[in-house]
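K.L.:
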Amino acid sequence: MSTSLSAINTTRFFFAFVSLSVLAYIIHLNDYRFIYSLDDPYIHLALAENIIQGHYGVNLSEYSSPASSIIWPFLLAILQPIDPYGYSPLIINLICAYATFHIVTTWIFKYFSTRSYHAIIISLIIVFSTNIIGLIFTGMEHNLQVLLSLLALNYAVKMREGFGHSNWFTIILVLGPLVRYENLALSLTLGLYSYMLGNKKSTLVAFAAIGLSMIGFGYFLLTLELNPIPSSLQAKSEVISQTTKVPGLIANIGINLITPGGLTFLIILFFLLKTLFSQERAQEEKKLTFFIVMAGLLHFIAGKFSWLGRYEIYIYLPCLLWAVSVYHQRISQLIRKPQRHPGLVLFVAIFLLPYSYYLIITPGSSHDIYSQQYQMHRFVVDHYKKPIAVNDLGWVSYQNDQYVLDLWGLASDEALQMRTGQHDSPIWMDELVKIHNVDLAMIYVTPNFFNHVPDNWILLGKLVNRNPSTSIIGSSVSFYATNRNSVDMIQTSLAPFIANLPQTAEFVTSSVK
0 MSTSLSAINT TRFFFAFVSL SVLAYIIHLN DYRFIYSLDD PYIHLALAEN
50 IIQGHYGVNL SEYSSPASSI IWPFLLAILQ PIDPYGYSPL IINLICAYAT
100 FHIVTTWIFK YFSTRSYHAI IISLIIVFST NIIGLIFTGM EHNLQVLLSL
150 LALNYAVKMR EGFGHSNWFT IILVLGPLVR YENLALSLTL GLYSYMLGNK
200 KSTLVAFAAI GLSMIGFGYF LLTLELNPIP SSLQAKSEVI SQTTKVPGLI
250 ANIGINLITP GGLTFLIILF FLLKTLFSQE RAQEEKKLTF FIVMAGLLHF
300 IAGKFSWLGR YEIYIYLPCL LWAVSVYHQR ISQLIRKPQR HPGLVLFVAI
350 FLLPYSYYLI ITPGSSHDIY SQQYQMHRFV VDHYKKPIAV NDLGWVSYQN
400 DQYVLDLWGL ASDEALQMRT GQHDSPIWMD ELVKIHNVDL AMIYVTPNFF
450 NHVPDNWILL GKLVNRNPST SIIGSSVSFY ATNRNSVDMI QTSLAPFIAN
500 LPQTAEFVTS SVK
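When we follow numbering that gives the first Met the number 0, the leftmost residue of the sequence shown carries the number 0, and every step to the right adds one.
1. Could you round the C-beta distance between residue 353 and residue 260 to whole angstroms and report it? I think they count as a contact, below 8 Å.
2. Just to confirm, are residue 164 and residue 201 a CB contact at a threshold of 8 Å?
3. What would DSSP say about residue 479, mapped onto helix, strand or coil?
4. Could you give the distance in angstroms between the alpha-carbon of residue 282 and the alpha-carbon of residue 173?
5. Are there 16 or more other CB atoms within 10 angstroms of the CB of residue 99, so buried, or fewer, so exposed?
6. I'd like to check one pair, residue 491 with residue 456: are the Cβ atoms closer than 8 Å?
7. Can you name the residues that DSSP bridges to residue 460?
8. For residue 0 and residue 399, what's the separation of their Cα atoms in angstroms?
9. Could you give the C-beta distance for residue 501 and residue 370, rounded to a whole number, given that I count them as a contact under 8 Å?
10. Please list, in chain order, all residues of the same chain as residue 16 whose beta carbon is under 6 Å from its beta carbon, the five residues on each side excluded.
11. Under a three-way DSSP split, which group does residue 388 fall into?
12. For the beta strand (DSSP E) containing residue 70, name the first residue and the last one.
13. Below 8 Å, can you find three or more Cβ-Cβ pairs linking the segment 296-305 to the segment 109-126?
14. Have a look at 408, 86, 23 and 420 and flag the residue whose alpha-carbon is nearest the alpha-carbon of residue 228.
15. Considering only residues of the same chain and omitting the five flanking positions on each side of residue 234, which have a CB-CB separation below 8 Å?
16. From the DSSP output, in three-state form, read off residue 39 for me.
17. With burial defined as no fewer than 16 other Cβ atoms inside 10 Å of the residue's Cβ, what is the status of residue 499: buried or exposed?
18. Within 10 Å of its beta-carbon, does residue 48 have 16 or more other beta-carbons around it, so buried, or fewer, so exposed?
19. Following the continuous alpha helix (DSSP H) through residue 440, name the residue where it begins and the one where it ends.
20. Does DSSP put residue 405 in a helix, a strand or coil?
21. The alpha helix (DSSP H) that contains residue 259, what's its start and end?
22. Unbroken alpha helix (DSSP H) runs of length 4 or more, entirely within the segment 172-231: which are they?
23. What runs of the alpha helix (DSSP H), each 4 residues or longer, lie entirely inside the segment 349-376?
24. Short of 8 Å in beta carbon distance, which residues of its chain neighbour residue 323, apart from the five on each side in sequence? Order them along the chain.
25. Cutting at 7 Å between CB atoms, please list the residues of its own chain near residue 460, excluding the five before and the five after it.
26. Helix, strand or coil for residue 452 per DSSP?
27. The alpha helix (DSSP H) that contains residue 108, what's its start and end?
28. Find out if the Cβ-Cβ distance for the pair residue 357, residue 439 is shorter than 8 Å.
29. Can you list, in chain order, the residues of its chain with a C-beta nearer than 6 Å to that of residue 325? Leave out the 5 residues immediately preceding and following it.
30. Could you name the residues of the same chain whose beta carbon sits closer than 6 Å to that of residue 14, not counting the 5 residues immediately before and after it, in chain order?
31. What residue range is occupied by the uninterrupted alpha helix (DSSP H) comprising residue 307?
32. Under 8 Å, do residue 216 and residue 69 count as touching if we go by C-beta distance?
33. Can you check whether the CB of residue 28 is closer than 8 Å to the CB of residue 474?
34. Within a Cβ cutoff of 7 Å, which residues of the same chain sit near residue 272, ignoring the five residues on either side of it in sequence?
35. What would DSSP say about residue 517, mapped onto helix, strand or coil?
36. Classify residue 431 as buried or exposed, calling it buried when 16 or more other Cβ atoms lie within 10 Å of its own Cβ.
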C-alpha cells in the first residue's frame, strides 16, 4: 500500500472513529436511547408516517406543509415501514457524511500528495471547520445536501479540466434544490458555468427540470388548499416571512454579518475574489471561481448562518474546498515556513472555533431534546392521550395519533396566518384552541416565541431542563390549561409523568387558584 493511500485510510478511520464515538456518547447520555440533536427531524418523521398512509400533513385531519425539503419526507416515508424507531435519517446521514469526507480527502490528497502529513491535517481541519460530523446527528437532510453540493463542484472542476459533461452533473443540479431549496444558488450558478462551456442543451434541461419540479410541488400544495411556499419557509426565512421593519434581504444580511459563520464565510469569499483580479490565474480557473463566488453571495444575501451551522454548510464547504485548491501552493509554502506558524495557527483557529463548538455541544444538544421534547412526547402519548397545542413542533407529533395544534404555524397555515397577522394580542391563540378542542398548551413563553398568553389560560407548571440550554429554545416549557374545567384532568395525568422524569428534568408545579 502506498504512503498516500495509507494516510487517506488513516484519516478516514479517524473520521469514522469520531463519528461513532459521538453516537455512543449520545446514547449513553440519554439512558441508552438515541435522540437527534434537534427537534426538527421528528417533524419530517411525523410527516413521513402520514405520507405512507396517503396523506400530506402532520395531522391526519388536515393538510399542512411543515417540511423544509421536497423529497426528504418522501424518502423517509419509503423507509418508514422498516424503520419503527426513526433511525433512517441517522443511517442516511452517516453514509452521506462518510461519502463527503471521502470526496474531501481525495480532493486534498490530489493537491498535497507529496506531503501526506500536510494533507491529513488539512483534511481534518476542513471537516472540523464545517461540522460535517455534527450534522449527522441533527437528523435533517443537510448531509445529503452537502454531498450533492460537493458532487456538483467535483463535476464542474472535471469539466474545467477537459473531461467533458456528465449526465450525472445534470441530475445532481436538479436533485440539489429538491433536497433543500437553498441549493438553487449552487445549481443555478454552476449550471450557468456549464452553459458557458458549451453544454447548452443539458443545462437548459436541468433548469427546466428544476423549474417544473418547483412549480409542480407548489401546485401540489395548492391542490391541498395550502400556500405554494411551504410553511417552514414562511415561518423561518427572514426574506420570506418579513418579520422585521426593514426589508427582508437587508435584515437577513445584517443578521449574517454578526454571526461567526457568516464572517468566516466572507473571508473565504474575499480570498476567492482576489484571484479574479490576478494576472497569474488561468481564465478557466477565474470563470469557475466567479460562479462559485456568485453562489456564495446569493446564500449570504438570502440564506442563513445559524443553529448548529446546518443552513450554510452546503455552500460553505465547496467554497472552502475550492479556496484551498486555488491557494494550495501558497498554503504549502506557509506550512514550510516555521516563522509563519503562529499566524497560520491563529488563522486556522478562527475557522475551526465556530463549527468545532457545534460538534462539541452536539451530545448536550441531544440530551436537551431528550430532557425536554422527548419527555413532552412521553407525557402526551403515555399519559394525557388527548389533543394538545405547542409552539415548537417535533417530538410531540411523532408516533402520536392525537391532534397537535402548532401555534407557531409550521403544521398549520391557519395558525401561521393568525400569528403573523396579530402580533400584539394572544386572543387568536384562545380562538384556535377552542376551534380544535384543545385543553392543554405546552409552549415556550419567551420574547422569541410568545410574550403573552390569553388571560383565561391557567399555568399548571413548567417542565424545566436542568442542563444549560443549547439546541432548545428555552430551559422551560410552560403547561397551560386552556380552560378551568380541564385543570383536574390534566393534573391527574401529570402525576405519574412527573414521577418518572429523568434526573436532568423536573416539573415545577404552580399553585392553581
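Think of the CB as a built atom: it goes at the ideal place given N, C-alpha and C, for glycine as much as any other residue. In this text the structure is predicted, and so the values were computed from the model without any measurement.
P.N.:
Reading it off the structure:
1. 5 Å between Cβ atoms; contact.
2. Closer than 8 Å, so yes.
3. Three-state result, residue 479: strand.
4. One Cα belongs to residue 282, the other to residue 173, and the distance between them is close to 27 Å.
5. Buried: at least 16 other Cβ atoms inside 10 Å.
6. Residue 456 is not a Cβ neighbour of residue 491, given a cutoff of 8 Å.
7. Per DSSP, 478 and 508.
8. Its pLDDT being 45, under 50, residue 0 is placed unreliably in this model, and the value from its coordinates should be taken loosely. The alpha-carbon atoms of residue 0 and residue 399 are separated by roughly 53 Å.
9. Contact holds; Cβ gap of about 6 Å.
10. Result list for residue 16: empty, nothing under 6 Å.
11. If DSSP states are grouped into helix, strand and coil, residue 388 belongs with the strands.
12. No beta strand (DSSP E) contains residue 70, which DSSP labels as neither H nor E.
13. They do not touch, by the three-pair rule.
14. It is 408.
15. Beyond the five residues adjoining it in sequence on each side, residue 234 comes within less than 8 Å, by CB distance, of 240, 407, 408, 409 and 415 in the same chain, given in chain order.
16. Correct three-state label for residue 39: coil.
17. When all chains shown are included, residue 499 counts as exposed.
18. Buried, since its Cβ has 16 or more Cβ neighbours within 10 Å.
19. Per DSSP, residue 440 belongs to no alpha helix (DSSP H); it is in the beta strand (DSSP E), 439-442.
20. Three-state result, residue 405: strand.
21. Per DSSP, the unbroken alpha helix (DSSP H) holding residue 259 starts and ends at 259-274.
22. Listed in chain order, the alpha helix (DSSP H) runs fully inside the segment 172-231 are 183-195 and 199-222, counting runs of at least 4 residues.
23. Listed in chain order, the complete alpha helix (DSSP H) runs (minimum 4 residues) inside the segment 349-376 are 361-370.
24. Correct list, in chain order: 107, 110, 121, 125 and 330.
25. Non-local beta-carbon contacts of residue 460 in its own chain, meaning distances under 7 Å to residues more than five positions away in sequence, involve 478, 506, 507, 508 and 509 in chain order.
26. Here DSSP, grouped into helix, strand and coil, assigns residue 452 to coil.
27. DSSP places residue 108 inside the alpha helix (DSSP H), whose first and last residues are 87-110.
28. No, these two residues do not count as a Cβ contact at 8 Å.
29. Taking residue 325 as the centre and dropping the five residues before and after it, the same chain places the C-beta of 274 closer than 6 Å to its C-beta, in chain order.
30. Cβ-Cβ distances below 6 Å link residue 14 to 100 in the same chain, with the five nearest sequence neighbours on each side left out; the list follows chain order.
31. Boundaries for residue 307: no alpha helix (DSSP H) harbours it, and the DSSP string shows neither H nor E there.
32. Yes, Cβ-Cβ distance for residue 216 and residue 69 is below 8 Å.
33. No, these two residues do not count as a Cβ contact at 8 Å.
34. Only 292 meet the Cβ criterion.
35. This structure does not reach residue 517, given that the chain is present from 0 up to 512, and the question cannot be answered.
36. By the neighbour-count rule (16 or more Cβ atoms within 10 Å), residue 431 is buried.
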